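Novice:
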Amino acid sequence: MLSTPASPIRFPRLLLTGAGGNLGKELRPRLKAYCDVLRVSHRRDLGPASAGEEIQLASLEDKDQMLALLDGVSAVVHMGGVSTEQPWDPILAGNIVGMVNLYEAARIQGVQRIVFASSNHVTGFYRQDEVVNTRMSPKPDGFYGLSKAFGEDLAQLYWDRWGIETVSLRIGSSYAEPKDRRMLATWLSFDDLERLVVAALTAPIVGHSIVYGMSDNQTTWWDNTHAKHIGYRPLDSSDVFRTAVEARQQTVDAKDPATIYQGGAFVKAAPHGPG
């Protein structure tokens with residue numbers, strides 16, 4: 067956790083969905099510094115509430131539960147939904163129907179700012195020898211990436227039609243440290259994740275903005291030039307891990323699609339139809 071909060075701005079009540087997921091668990095204690103009350107939600111048990119928290123379980127695909135979940139909320143950090151390549155049915159429920167329910171609930175309840183956990187897999191079929199900016203066309207690498215592209219389009223619709231602001235975070239690989247050579251380009255430290263989310267929550271005007279979630283890595287495939295107005299400034303870098311990572315993985319297969327394309331292993335995880 068950051069020794070000094072990334073912003074002095076505080077919200078009366080923030081909602082964190084997907085609080086039981088990997089990044090939700092990391093953000094749950096961190097977001098308390100930025101609100102009077104942190105409402106945490108997941109579809110299953112989250113354990114007891116800590117000081118300054120309220121727990122409200124909800125399923126994204128249940129529109130009535132989502133309407134209740136967003137009641138009295140100042141802003142939303144939406145980390146919920148399916149986070150890996152899966153068969154179509156759970157992706158449809160969590161990432162398509164669930165997103166519509168979230169935005170409809172935000173519209174009805176008057177919530178004006180959503181931070182949406184999109185994914186770098188929206189552009190996973192760009193090559194690793196390309197640099198992609200946030201205005202280039204999506205090239206999703208599976209149903210998961212496709213669903214996140216839908217989420218970004220939905221956010222654009224709700225900004226254009228109803229004025230709900232969203233920052234779509236195309237999160238790279240957020241772990242304690244990079245695990246392989248691909249992650250030397252995609253790594254996002256937990257502290258930089260906090261800085262990114264807080265910047266997205268507190269930037270004065272965002273409309274619908276897209277920003278790649280990465281640390282200040284020497285190797286990068288992503289260009290955040292068009293997201294400068296968010297004010298995100300990463301302070302960590304994968305470079306401190308480079309020697310150890312390259313010692314573990316000295317060579318790569320240049321003919322492997324996971325090496326050729328930015329989506330890595332996701333480009334080889336063939337999408338599955340209904341079921």
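The sequence shown begins at 67 in my numbering and counts up by one. Positions of the beta carbon are idealized from the N, C-alpha and C atoms, including for glycine. For clarity, every value in this text was computed on a predicted model and none was experimentally measured.
With DSSP as the reference, identify every bridge partner of Tyr224, one or two as the case may be.
Specialist: As a working mapping, residue 224 is identified with position 158 in the sequence shown. None; Tyr224 has no bridge partner.
Novice: Out of curiosity, what's the CA-to-CA distance linking Trp287 and His295?
Specialist: Numbered from 1 along the sequence shown, position 221 holds the residue referred to as residue 287. Numbered from 1 along the sequence shown, position 229 holds the residue referred to as residue 295. Rounded to whole angstroms, Trp287 to His295 spans 20 angstroms at the Cα level.
Novice: Report the start-end ranges of each alpha helix (DSSP H) in the stretch 212-294 that is 4 residues or longer and not cut off at the edges.
Specialist: Segments of the alpha helix (DSSP H) lying fully in the stretch 212-294: 249-252, 256-268.
Novice: Tell me the DSSP secondary structure of Pro71 in three-state form.
Specialist: Your numbering for residue 71 matches position 5 in the sequence shown. Here Pro71 sits in coil by DSSP.
Novice: Considering Leu81, what are the terminal residues of the beta strand (DSSP E) in which it resides?
Specialist: The sequence position of residue 81 within the sequence shown is 15, counting from 1. Per DSSP, Leu81 belongs to the beta strand (DSSP E) from 77-83.
Novice: Take every Cβ of the stretch 140-148, pair it with every Cβ of the stretch 173-185, and state whether three or more of those distances are shorter than 8 angstroms.
Specialist: The stretch 140-148 vs the stretch 173-185: in contact.
Novice: Apply the 10 Å Cβ neighbour rule to Thr200 and answer buried if 16 or more other Cβ atoms are within range, or exposed otherwise.
Specialist: Residue mapping note: residue 200 aligns to position 134 of the sequence shown, counting from 1. By the 10 Å Cβ count, Thr200 comes out buried.
Novice: Our contact map puts Leu250 next to Arg308 with C-beta atoms below 8 angstroms; I'd like the distance itself, whole angstroms only.
Specialist: Indexing the sequence shown from 1 puts residue 250 at position 184. Indexing the sequence shown from 1 puts residue 308 at position 242. Indeed, because the Cβ distance is near 6 angstroms, the residues count as touching under 8 angstroms.
Novice: Restricting to Cα atoms, I'd like to know which of Val198, Leu97, Gly211 is closest to Glu151.
Specialist: Mapped onto the sequence shown, residue 151 falls at position 85. For the residues Val198, Leu97, Gly211, the minimum Cα distance to Glu151 belongs to Gly211.
Novice: For Glu127, which of helix, strand or coil comes out of DSSP?
Specialist: Start at 1 with the first residue of the sequence shown, and residue 127 comes out as number 61. In this structure, Glu127 counts as coil in the three-state DSSP scheme.
Novice: With distances taken between CB atoms, is the gap from Phe182 to Gly217 smaller than 8 angstroms?
Specialist: Start at 1 with the first residue of the sequence shown, and residue 182 comes out as number 116. Start at 1 with the first residue of the sequence shown, and residue 217 comes out as number 151. Yes; because the gap between Cβ atoms is below 8 angstroms, this pair is in contact.
Novice: For Tyr327, list the residues DSSP reports as bridge partners.
Specialist: Looking up residue 327 in the sequence shown gives position 261. In the DSSP output, where bridge partners are listed per residue, Tyr327 has Arg193.
Novice: Output the boundary residues of the alpha helix (DSSP H) element that contains Ala310.
Specialist: As a working mapping, residue 310 is identified with position 244 in the sequence shown. Residues 308-314.
Novice: In whole angstroms, give me the CA-to-CA distance for Thr83 and Ser304.
Specialist: As a first step, residue 83 is located in the sequence shown; it is residue number 17 there, counting from the start. As a first step, residue 304 is located in the sequence shown; it is residue number 238 there, counting from the start. In a straight line, the C-alpha of Thr83 is about 28 angstroms away from that of Ser304.
Novice: Just to confirm, are Asn290 and Trp253 a CB contact at a threshold of 8 angstroms?
Specialist: Along the sequence shown, read from residue 1 onward, the residue named residue 290 stands at position 224. Along the sequence shown, read from residue 1 onward, the residue named residue 253 stands at position 187. No, these two residues do not count as a Cβ contact at 8 angstroms.
Novice: If I follow the unbroken alpha helix (DSSP H) through Ile342, where does it start and stop?
Specialist: Past the boundaries of the shown model lies residue 342; the chain is included only from 67 to 341, so the question cannot be answered.
Novice: Of all the options Gly273, Pro78, Asn186, which has the alpha carbon lying nearest to the alpha carbon of Ser149?
Specialist: For the purposes of this step, residue 149 is taken as residue 83 along the sequence shown, with counting starting at 1. If we check each option's Cα against that of Ser149, Asn186 comes out closest.
Novice: Just verifying my parser: in three-state terms, what is the DSSP assignment at His144?
Specialist: One-based indexing of the sequence shown puts residue 144 at position 78. Correct three-state label for His144: strand.
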